[in-house]
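Convert by adding 2 to the 1-based position in the sequence shown; the result is the number in the numbering used here.
For reference, the structure discussed in these notes is given below.
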Amino acid sequence: MRSMPSPRLIWFRQDLRLADNPALAAAGDGPILPVYVLDEAAAGRWAPGGAARWWLHHSLAALGEALAARGAPLLLARGRAETVIPALADAVGADEVMAGRLYDPWARERDARVAEALGAAGRRLTLLPSALLHDPAELRSGSGKPYAVYGPFAKALRARGEPPAPLPAPDRLRGVPHPAGGEALAALRLLPQPPEPDWAAEFGTLWTPGEAGAAARLARFLAGPVRSYAEGRNLPAIEGSSGLSPHLHWGEVSPRQVWQAVRAALPEGLDAAWPFLSELVWRDFSYHLLWHRPELPEAPLKPRFADFPWDPDAALLRAWQRGRTGYPIVDAGMRQLWRLGWMHNRVRMIAASLLVKQLQQPWQDGAAWFWDTLVDADLAANSASWQWVAGSGTDAAPYFRIFNPVLQGEKFDPEGRYVRRFLPELARLPDRWLHHPWDAPEAVLQEAGVALDRDYPRPVVTPEAGRQRALAALATLRGRAEAS
Ligand SMILES: Cc1cc2nc3c(=O)[nH]c(=O)nc-3n(C[C@H](O)[C@H](O)[C@H](O)COP(=O)(O)OP(=O)(O)OC[C@H]3O[C@@H](n4cnc5c(N)ncnc54)[C@H](O)[C@@H]3O)c2cc1C
3 MRSMPSPRLI WFRQDLRLAD NPALAAAGDG PILPVYVLDE AAAGRWAPGG
53 AARWWLHHSL AALGEALAAR GAPLLLARGR AETVIPALAD AVGADEVMAG
103 RLYDPWARER DARVAEALGA AGRRLTLLPS ALLHDPAELR SGSGKPYAVY
153 GPFAKALRAR GEPPAPLPAP DRLRGVPHPA GGEALAALRL LPQPPEPDWA
203 AEFGTLWTPG EAGAAARLAR FLAGPVRSYA EGRNLPAIEG SSGLSPHLHW
253 GEVSPRQVWQ AVRAALPEGL DAAWPFLSEL VWRDFSYHLL WHRPELPEAP
303 LKPRFADFPW DPDAALLRAW QRGRTGYPIV DAGMRQLWRL GWMHNRVRMI
353 AASLLVKQLQ QPWQDGAAWF WDTLVDADLA ANSASWQWVA GSGTDAAPYF
403 RIFNPVLQGE KFDPEGRYVR RFLPELARLP DRWLHHPWDA PEAVLQEAGV
453 ALDRDYPRPV VTPEAGRQRA LAALATLRGR AEAS
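The following block contains the structure:
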C-alpha cells in the first residue's frame with residue numbers, strides 16, 4: 003500500500019485568492035489544510051482598521067466559498083500565529099506550512115517566530131513571493147544600496163523585463179478534515195458590532211470584496227478607463243482609475259495578473275501601458291522603502307524633519323476628519339472616505355497636503371485616520387504617500403510646494419460634480435463659487451440656500467493664514483538645514 007503524503011498547511015494572509023497563488027500551486031494535488039489566522043496581537047497598532055476589517059470579513063467569506071467549492075474548506079482561527087499554526091500543523095501531521103511572503107515589519111518578526119516554533123517541532127515555514135512585482139531585498143542600485151528615489155527604481159525594475167506569466171487557479175483541491183480549533187467567520191467580529199452604528203452600510207454599493215469581485219473590477223477598468231487613464235486618473239468625478247487598491251492590498255488579484263491583463267488590453271506596447279503600470283511600480287517602490295526603512299510608518303525618513311514644528315490641535319484634526327474644514331474639495335474627499343472607505347488619489351493628495359501644510363498637523367495623525375477608514379489601508383503605500391506629501395520622504399514633493407485647495411478644486415473638478423455629490427448642502431451653489439463659498443456674495447448664497455457657519459463652515463484657516471503658517475514652518479526647516 004502506498005503511504006499517504008503528509009498534508010501541507012496553506013496559510014492565507016494577504017493573498018486571498020486561488021489564481022496566481024504560488025503556495026497553493028506548490029501543493030499540487032497533495033492534501034492541504036487552508037488556514038486563516040486573525041492575529042491582532044502581533045500586528046499591534048497596525049492590525050487592520052475598521053474599514054479594512056469590513057473588507058476582510060467579506061473577502062474571507064468569498065475565499066471560504068471558493069476553497070470549499072474545490073474541495074478544501076478554509077479553517078478560520080484567531081490568536082497568536084506562533085501558537086495556532088504549529089498546533090494545527092501538529093494536529094494534521096503537516097511537515098510544511100506554505101504562505102505568501104509579507105513585508106510589513108511586524109509581519110516579518112511574527113513570521114520569524116512562527117518559523118522558529120515550527121522548526122522546534124521539526125517542521126518548516128516556506129514563504130513564497132506573490133504580492134509584489136519584485137523582491138525588495140533583491141533590487142539594488144549600481145552602488146549596491148537600496149533605492150531611495152522612484153525614477154531610478156522604476157528604470158531598474160523595467161530593465162528586468164516583464165513579470166512572469168501568472169499561475170492558473172487549481173480546478174480541484176484535496177482538503178483534509180478540519181481539526182478542532184476552527185471558528186465561525188462571525189466569531190471573528192470583523193464587521194461593525196452593535197451598538198456601534200453601521201458606518202459601512204454604503205460600502206457594498208461600491209465594493210465586492212473577493213477574487214471574483216477583483217476580476218470584475220479589473221474587467222471593468224479594461225473595458226473603458228484604461229485607455230484614457232493618463233488624463234482620467236486625475237478627475238475625481240469620473241471612474242478614471244482602476245479601483246483595484248483594496249483588491250491588491252488583500253491579494254485578491256496579484257500585481258502580475260493586473261500587469262499582464264493591462265498589457266494584453268493595450269497591445270500597442272509597454273509605453274502605452276506605462277502611465278498605469280508605473281502606479282503598480284509606485285506600489286512596489288513603497289514596499290521597497292518599507293523593507294529597507296522599517297521606521298517608515300512612524301518616523302520621517304529625512305532626519306531634519308525629526309523635530310518639525312507641528313502644532314497638534316484636536317479640533318482642527320477633527321474638522322478635517324469629519325469633512326468640515328470649509329474647503330469643499332477636501333471635505334468632499336473626507337466624506338467620500340467615510341461613506342465609501344476610499345478616496346480618489348488626487349483628493350488624497352490635496353486633503354493630506356492641507357492637513358500637514360496649512361493646518362500644521364503631524365502627518366502621522368492623518369495617516370492614522372486613513373488607516374482606520376480606508377478599505378485599501380496599506381502600511382507601505384499609506385506611510386510612503388504621507389511622507390511624500392509631508393516632504394519628509396526620501397523621494398518627496400518638496401515641502402515648499404503648498405497645494406492651494408481652491409485652485410486644485412477648480413482644476414480637477416471644474417464642473418463641481420464631485421463636490422456636489424459628497425457635499426449636497428452646496429449643490430445649488432454656482433460653479434464660480436463652489437470651491438470657495440466664503441467669497442460668494444450674500445445674495446448668491448441665499449439663492450443657493452447656503453448659510454455659512456450653519457450649513458457649511460467657513461475655512462478653519464483662511465487661505466492666506468494657512469499659507470503663512472506653512473511658510474513659517476518652512477523657514478524653520480531651512481534654518482535647520484543651514485545650521486546643520
Ligand atoms: C496621503 C495618501 C495616502 C495613501 N494611502 C494609500 C493606502 O493606504 N493604500 C493604497 O493602496 N494606496 C494609498 N495611496 C495611493 C493611492 O491614492 C491609491 O493607491 C489609489 O488612489 C487607489 O486607487 P486605484 O486603485 O483606482 O488606483 P490606480 O490609479 O488605478 O492605480 C493602480 C494601483 O497602483 C497602486 N498605486 C497607485 N498609486 C499609488 C501610490 N501613490 N503609491 C503606492 N501605490 C499606488 C495601487 O495599488 C492602485 O490600486 C495613498 C495616497 C496618498 C496621497
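Where is the CB? At the ideal position from N, CA and C, for every residue including glycine.
Three-state secondary structure (DSSP) at Trp322?
helix
Assuming Met100 is part of the alpha helix (DSSP H), what are its boundary residues?
Counting along the chain, Met100 falls outside any alpha helix (DSSP H), though it belongs to the beta strand (DSSP E) covering Glu98 to Gly102.
Per DSSP, what kind of secondary structure is Ser145 in: helix, strand or coil?
coil
Given a threshold of 16 other Cβ atoms within 10 Å of its Cβ, counted over all protein chains shown, does Pro24 qualify as buried or as exposed?
buried
Cβ separation of Ala91 and Leu11, assumed to be a contact under 8 angstroms, to the nearest whole Å
5 angstroms
Judging by CA-CA distance, which residue of Arg47, Asp22 and Arg434 is the nearest neighbour of Ala370?
Arg47
So what does DSSP say about Ile240, is it helix, strand or coil?
coil
Which whole-angstrom value describes the C-beta separation of Val94 and Leu318, a residue pair presumed to lie in contact below a C-beta threshold of 8 angstroms?
Their Cβ separation, rounded to whole angstroms, is 54 angstroms, which puts Val94 and Leu318 out of contact at 8 angstroms.
Just to confirm my understanding: we take Pro314, look at its own chain, exclude 5 residues before and 5 after, and list those with CB closer than 8 angstroms. What are they?
Gln363, Pro364 and Asp367
Using the Cα positions of Arg142 and Tyr149, report the straight-line distance between them to the nearest angstrom.
6 angstroms
Here's the rule: buried if 16 or more other CB atoms are within 10 angstroms of the residue's CB, otherwise exposed. What is Ala202?
buried
Bridge partners for Phe14 per DSSP, in chain order?
Tyr38
Smallest Cα separation from Ser247: which of Trp57, Leu454 and Ala442?
Trp57
Ala79 - containing beta strand (DSSP E), residue span:
Leu77 to Arg80
Please report the Cβ distance between Phe155 and Gly343, rounded to the nearest whole angstrom; I am assuming they are in contact, meaning their Cβ atoms lie under 8 angstroms.
The pair is not a contact, with the Cβ atoms about 29 angstroms apart (cut-off 8 angstroms).
Taking the alpha-carbon positions, what's the Val332 to Leu425 distance?
10 angstroms
Those residues, in chain order, that have a beta-carbon closer than 6 angstroms to some heavy atom of ligand 1:
Arg235, Ser243, Ser244, Gly245, Leu246, Ser247, Leu250, His251, Glu281, Leu282, Trp284, Arg285, Ser288, Asn347, Arg350, Met351, Ala354, Phe372, Leu376, Asp378, Ala379, Asp380, Ala383, Asn384, Ser387, Trp388 and Val391
Beta-carbon separation (whole angstroms), Val255 vs Ala214, contact threshold 8 angstroms:
Not really, about 10 angstroms apart at Cβ, beyond 8 angstroms.
Does DSSP classify Glu484 as helix, strand or coil?
Only weak support exists for where Glu484 lies, its pLDDT of 49 falling under 50; the coordinates are left without a value.
Here's a check: name, in chain order, each residue in its chain whose Cβ is nearer than 6 angstroms to the Cβ of Pro459, leaving out the five neighbours to either side.
Arg326 and Gly328
What is the rounded straight-line gap between the Cα of Asp97 and the Cα of Leu120?
9 angstroms
Can you check whether the CB of Gly66 is closer than 7 angstroms to the CB of Leu77?
no
Classification of Val151 by the beta-carbon crowding that lies within 10 angstroms, buried from 16 upward:
exposed
Determine the direct distance from the alpha carbon of Trp261 to that of Ala171, and round the result to whole angstroms.
17 angstroms
What did DSSP end up calling Thr128 once you bin it into helix, strand or coil?
strand
Selected residue, minimal CA-CA separation from Ala167, among Glu140, Leu135, Gly153 and Glu111
Leu135
Nearest neighbour of Ser387, chosen from Ala70, Trp284 and Ile34 [CA to CA]
Trp284
Measure the alpha-carbon distance for Gln540 versus Leu356 and round it to whole angstroms.
The first residue shown for the chain is 3 and the last is 486, placing residue 540 beyond what the model contains.
Does DSSP put Gly393 in a helix, in a strand, or in coil?
coil
Taking the alpha helix (DSSP H) that Asn347 falls in, what are its first and last residues?
Asn347 to Ser355
Once the 5 residues before and after Ala467 are set aside, which same chain residues still bring their CB inside 6 angstroms of it?
none
For Gly368, name the three-state secondary structure that DSSP assigns.
helix
Under the three-state reduction of DSSP, which class applies to Pro33: helix, strand or coil?
strand
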